[in-house]
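Asker: If you number the sequence shown the way my numbering does, the last residue is 131 and the count never jumps. Glycine included, each C-beta is placed from N, C-alpha and C at the ideal position. The structure presented is a predicted model; accordingly, all values stated were derived computationally and were not measured. Following this message is one structure expressed as structure tokens.
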Amino acid sequence: MGQKIQETSDRPAFRNIAGECHLTALQLLATIRKETTLLRRFQGEELLELLPQKEFLVRELESRIRELQSLPECSGEFSRSDEMEALNSVLIQVKDANRVNQMFVEGTLEYWQGLMAVFFPTGYGHRLNPSAGKLSSLPRGVSFSKEI
-16 MGQKIQETSD
-6 RPAFRNIAGE
4 CHLTALQLLA
14 TIRKETTLLR
24 RFQGEELLEL
34 LPQKEFLVRE
44 LESRIRELQS
54 LPECSGEFSR
64 SDEMEALNSV
74 LIQVKDANRV
84 NQMFVEGTLE
94 YWQGLMAVFF
104 PTGYGHRLNP
114 SAGKLSSLPR
124 GVSFSKEI
């Protein structure tokens, strides 16, 4: 009977912390969606202003989830509760949205690296170490002439 009283008194704490986790996860999802918009518009300054907010929300969510996991109910029947299902649903959306942003950043970097390789091919060497990238043999069949 003492166990039943303990479970009943802890349930509000579980619901409160799960609700706080859910709210923080929703705020993080909104921030990541805003990040997506800024990335696609190449708005670097605004993106840099948004990153501290995202970092704060990630840390806050991590702290609240640890607090939630420390409750005895988290491993019992409450782990399948509506609160936990709602939280897990938002966390999946956060993960997916963050993955989309990661792929966009990686693709953009790959594009710019390819473009830079066109203008600065490795065959010309490096400014600080010119011998590092020299061609092993000169190209054949090409000549330059100057007509006067």
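#1: If you follow the alpha helix (DSSP H) that residue 98 is part of, which residue opens it and which one closes it?
#2: Take residue -2 and list the residues in its own chain whose beta-carbon comes closer than 7 Å to its own, dropping the five residues that flank it on each side.
#3: Specify the secondary structure class of residue 26 as computed by DSSP and reduced to three states.
#4: Could you check which residue in 93, 76, 103 has the C-alpha nearest to that of residue 15?
#5: According to DSSP, is residue 54 helix, strand or coil?
#6: Any chance the segment 75 to 93 sits against the segment 3 to 19, with 3 or more Cβ pairs inside 8 Å?
#7: Indicate whether the contact test is met: 3 or more Cβ pairs, each with one atom in the segment 19 to 28 and one in the segment 83 to 94, closer than 8 Å.
#8: Would you tell me roughly how many angstroms separate the C-alpha atoms of residue 45 and residue 30, rounded to the nearest one?
#9: Give me the Cα-Cα distance between residue 13 and residue 81, rounded to the nearest whole angstrom.
#10: Return the chain-ordered list of same chain residues with a C-beta closer than 7 Å to the C-beta of residue 41, the five sequence neighbours on each side being excluded.
#11: From 92, 50, 93, 32, pick the residue whose C-alpha is nearest to that of residue 1; which is it?
#12: My understanding is that residue -6 touches residue 56, with C-beta atoms under 8 Å, so please give their C-beta distance in whole angstroms.
Answerer: This is what the structure holds:
#1: Taking the first residue of the sequence shown as 1, we reach residue 98 at position 115. Its alpha helix (DSSP H) spans residues 65 to 102.
#2: The sequence position of residue -2 within the sequence shown is 15, counting from 1. Closer than 7 Å at the Cβ level, and outside the excluded window around residue -2, lie 66.
#3: In the sequence shown, counting from the first residue as 1, residue 26 sits at position 43. Shown here, residue 26 sits in coil according to DSSP, grouped into three states, outside any helix or strand.
#4: Reading the sequence shown from its first residue, position 32 is the one you call residue 15. When each option's Cα is compared against that of residue 15, the closest is 76.
#5: By one-based count along the sequence shown, residue 54 stands at place 71. If DSSP states are grouped into helix, strand and coil, residue 54 belongs with coil.
#6: In short, these stretches touch, since the Cβ pair count reaches three.
#7: yes
#8: Along the sequence shown, read from residue 1 onward, the residue named residue 45 stands at position 62. Along the sequence shown, read from residue 1 onward, the residue named residue 30 stands at position 47. If I take the Cα positions, the gap works out to 22 Å.
#9: In the sequence shown, counting from the first residue as 1, residue 13 sits at position 30. In the sequence shown, counting from the first residue as 1, residue 81 sits at position 98. Whole-angstrom Cα-Cα distance: 11 Å.
#10: Locating residue 41 in the sequence shown gives position 58, counting from the first residue. Answer for residue 41: 11, listed in chain order.
#11: Translated into the one-based positions of the sequence shown, residue 1 becomes position 18. Of the listed residues, the one whose Cα sits closest to residue 1 is 50.
#12: Your numbering for residue -6 matches position 11 in the sequence shown. Your numbering for residue 56 matches position 73 in the sequence shown. Rounded, the Cβ-Cβ distance is 7 Å, consistent with contact.
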